[in-house]
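In order, the protein sequence lines correspond to chains A and B.
Once you know that position 283 of the first sequence is 1376 in my numbering, the rest is easy, because the numbers rise by one and skip nothing.
Once you know that position 138 of the second sequence is 591 in my numbering, the rest is easy, because the numbers rise by one and skip nothing.
All C-beta atoms in this analysis are idealised placements derived from N, C-alpha and C, irrespective of residue type, glycine included.
All values reported here derive from a predicted model rather than from experimental measurement.
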Amino acid sequence: MTTPPTAPGSESTVSSDGAGDSRPGMIEAVPVRHPGRWVAIAVIALLVAMLLNLFLTNDAFNWSFVFEAMFQSPVIEGLIRGTLLGTAGSMLIGITFGIVLAVMRLSANPVLSGVAWVFTWFFRAVPRLVLLTIMGALGVLYPDGLGLGLPFGEQLMNLFGISNDLTFATLDANQIFGGIIGGIIGLGLSEAAYMAEIARAGILSVDEGQNEAACALGMSNGLATRRVVLPQAMRVIVPPTGNETIAMVKDTSLLIGIPVSNELFFQLTSIGSRTYQTFPVLVAAVIWYLVICSVLMVVQSRLEAHFGRGFGTTPPGATDSGFKARMLSMVGGSK
Amino acid sequence: MNASLPLVRAVNVHKSFHGVEVLSGIDLDVAEREVVCLLGPSGSGKTTFLRCINQLETIQGGRIWVDGDLAGYVERGDKLHRLGDKQIAAQRREIGMVFQRFNLFPHMTAVGNVMEAPVKVAGKRKAEARKRALELLDRVGLSDRADAYPGQLSGGQQQRVAIARALAMDPKLMLFDEPTSALDPELVGDVLDVMRELAGGGMTMIVVTHEMGFAREVADRIVFMDGGVVVEQGPPDDVINNPQHERTKTFLSRIREEKEEHAAALKDRAEAEQL
Chain A
1094 MTTPPTAPGS
1104 ESTVSSDGAG
1114 DSRPGMIEAV
1124 PVRHPGRWVA
1134 IAVIALLVAM
1144 LLNLFLTNDA
1154 FNWSFVFEAM
1164 FQSPVIEGLI
1174 RGTLLGTAGS
1184 MLIGITFGIV
1194 LAVMRLSANP
1204 VLSGVAWVFT
1214 WFFRAVPRLV
1224 LLTIMGALGV
1234 LYPDGLGLGL
1244 PFGEQLMNLF
1254 GISNDLTFAT
1264 LDANQIFGGI
1274 IGGIIGLGLS
1284 EAAYMAEIAR
1294 AGILSVDEGQ
1304 NEAACALGMS
1314 NGLATRRVVL
1324 PQAMRVIVPP
1334 TGNETIAMVK
1344 DTSLLIGIPV
1354 SNELFFQLTS
1364 IGSRTYQTFP
1374 VLVAAVIWYL
1384 VICSVLMVVQ
1394 SRLEAHFGRG
1404 FGTTPPGATD
1414 SGFKARMLSM
1424 VGGSK
Chain B
454 MNASLPLVRA
464 VNVHKSFHGV
474 EVLSGIDLDV
484 AEREVVCLLG
494 PSGSGKTTFL
504 RCINQLETIQ
514 GGRIWVDGDL
524 AGYVERGDKL
534 HRLGDKQIAA
544 QRREIGMVFQ
554 RFNLFPHMTA
564 VGNVMEAPVK
574 VAGKRKAEAR
584 KRALELLDRV
594 GLSDRADAYP
604 GQLSGGQQQR
614 VAIARALAMD
624 PKLMLFDEPT
634 SALDPELVGD
644 VLDVMRELAG
654 GGMTMIVVTH
664 EMGFAREVAD
674 RIVFMDGGVV
684 VEQGPPDDVI
694 NNPQHERTKT
704 FLSRIREEKE
714 EHAAALKDRA
724 EAEQL
């Protein structure tokens, strides 16, 4: 063991008589060895090699067919008009309705908060595939078409002895509910139930003092919510919303319940059953979902950075915790 | 509005939380350009009373007038009608408030915080509001931190931004709710300097504070509260040096003891560090 200097005062005399700097310098210690980590790396390397071997040598993958199938025009159309449009539309409805439901849920009006609770209760309980199947069948309720007009217009006019029912447009209910619109509505309402809980947690995470400060400046409740509370709630709302969006990309494959067949997964599997290449088309679907979700993850991290401004979102020491830096530190070459 | 009324008139104000009475009949008049410090032990209701003045709390009894307007209600015939959200918001515009925990908007820069209400509430143009916000930040000594987010400012700087933010709406009355209680001791001075300057400029202020030195020096009147009522009030020197009421005496002597203990502790620490 090295002996520590006896007292802080004594070393100044040592250095002053020119015997060299005896105060401890930079630390260049031998790092702790982690043999377990190297074993883990070896095992993982072996498994990765086996996986690559499987990918490259097993003919069932038929990679050229995978890429061919990925870019078939019905697949691309299903990707854009089913998967992407379905995700965007249903998330738009889900987020908008979700925030409205969250505000209703937190309202002092017991009817509003009760309605929000019942909505959430219903749409969280019904599985999406079941819900979409129901949406597709809703046309049964409106055999004469979906009339747009005054509520109870027919009854109201009967009261005055007039035969007009105040309907100014009639839509084909089967066309509305049986297509992508029905799918977007169904998935959107289901999503709203989950988004309501996420938005509520976000709103509750904002300190009450923020609302008070906004009110003290003369803001109305609505303005205070829009300008002060919601922007801060977004910091809490965005990460789980990213998860929900990614989950929604995958749930668009349920659109077949309506049935909407113009959708990525159905189009690929139908190519598979036509050509008997059932496995490669599944690989093609996985690759497309991976691509979409990767793009969404980038968007999500941008949004998090935007709404995290003023909160110091960069974790301390982030530059040291990257993959490269950690690998280098394992071989003792972190300089 | 009404020349015969003081800027703030509170008459027989009652407030209770869940059946527990916190204010039991407060009467207080504050004249224009007057600086009033509210003192009292914790739980005496001084913060609650301050929050009642700009209607962050609703009162159950009595009346409060600010600048001649009855707070929260309008009197038609012999009936009181509750005002709507927008009208209450309009009444609050006359009153600036500074909070113990600053409550700056963390997602906006310092200048963004100060501009927010003039732009969104008063409908001023952005460039104009920004110019005025920078002037106000300069006045509180923070012109160089205009683009910093609250999280990048010290507590004292945040509180000064909060004062600038309240001043941006050109209030007739400023309420301070223990503005220095959440600050490190060495940061208290800057905030008190800004408040002192504000008082010197003729702003009407009601300040809940434990800073006896500030109260003695700046206040025109000290109001001592305990148990939800005003126990005694008067010029600072009278109340602090010659309190009439037993409860005031107890409170002041306890404050003095604490101050001496604090000073003794500081001295001990300084001596310990020298060894």
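If you draw a straight line from the Cα of A:Phe1158 to the Cα of A:Leu1383, it comes to about 18 Å. Here DSSP, grouped into helix, strand and coil, assigns B:Tyr526 to strand.
In the DSSP assignment, B:Asn465 falls within the unbroken beta strand (DSSP E) covering 461-470. Taking 7 Å as the cut-off between beta carbons, the residues of the region 1291-1320 of chain A near chain B are Gly1302, Gln1303, Glu1305, Ala1306, Cys1308, Ala1309, Leu1310, Gly1311, Met1312, Ser1313, Asn1314, Leu1316, Arg1320, in sequence order. A direct Cα-to-Cα measurement between A:Ala1309 and B:Asp630 gives close to 12 Å.
Shown here, B:Thr562 sits in coil according to DSSP, grouped into three states, outside any helix or strand. Under a 10 Å Cβ-count criterion, B:Phe502 is classified as buried, with 16 or more other Cβ atoms of the shown protein chains found around its own Cβ.
The C-beta of A:Pro1332 comes no closer than 7 Å to any C-beta of chain B. Within the same chain, Val488, Met658, Val671 come within 8 Å of B:Ala652 by CB-CB distance, once the 5 residues on both sides are set aside. As DSSP reads the structure, B:Ile659 sits in a beta bridge with B:Val489, B:Leu628. Taking the Cα of A:Leu1357 as reference, the smallest distance to any Cα among A:Phe1270, A:Phe1245, A:Leu1316, A:Met1163 is reached at A:Met1163. For the region 1196-1253 of chain A, the full-length beta strand (DSSP E) segments reaching 3 residues or more read 1239-1242 along the chain. Contact between B:Val692 and B:Phe677 holds: CB atoms are separated by about 6 Å, below the 8 Å threshold. Residue contact check for B:Tyr526 against chain A: no CB pair falls below 7 Å. In terms of beta-carbon proximity, B:Phe677 stays away from the interface with chain A, with every pair separated by 7 Å or more.
Taking 7 Å as the threshold, the shortest C-beta distance from A:Gly1171 to chain B does not fall below it. A distance below 7 Å separates the beta carbons of B:Pro571 and B:Ala621.
When C-beta atoms of the region 459-472 of chain B are compared with those of the region 585-594 of chain B, fewer than three pairs fall below 8 Å, so the two segments do not count as touching.
Here the alpha carbon of A:Val1208 sits roughly 20 Å from the alpha carbon of A:Pro1220.
Going by DSSP, B:His698 is part of no alpha helix (DSSP H) at all; its letter is neither H nor E. The three-state secondary structure of B:Arg554, taken from DSSP, is coil. For B:Arg516, the enclosing beta strand (DSSP E) starts and ends at 514-519. Assigned with DSSP and collapsed to three states, B:His534 falls in strand. Remark: three or more beta-carbon pairs, one from each stretch, lie closer than 8 Å, so the region 1285-1300 of chain A and the region 1179-1188 of chain A are flagged as touching. Each residue's CA atom was taken as its position, placing A:Leu1140 and A:Ile1120 some 38 Å apart. Excluding five sequence positions before and after A:Ile1296, the CB atoms of its chain that fall closer than 7 Å to its own CB belong to Ala1195, Leu1199, Val1322, Ala1326, given in chain order. The C-beta distance from B:Ala575 to B:Ala599 rounds to 20 Å, too long to fall under 8 Å, and the pair is not in contact. Put simply, the CB of B:Pro632 is far from chain A, with every gap to its CB atoms at 7 Å or more. A:Pro1236 is outside the set of residues whose beta carbon lies under 7 Å from a beta carbon in chain B.
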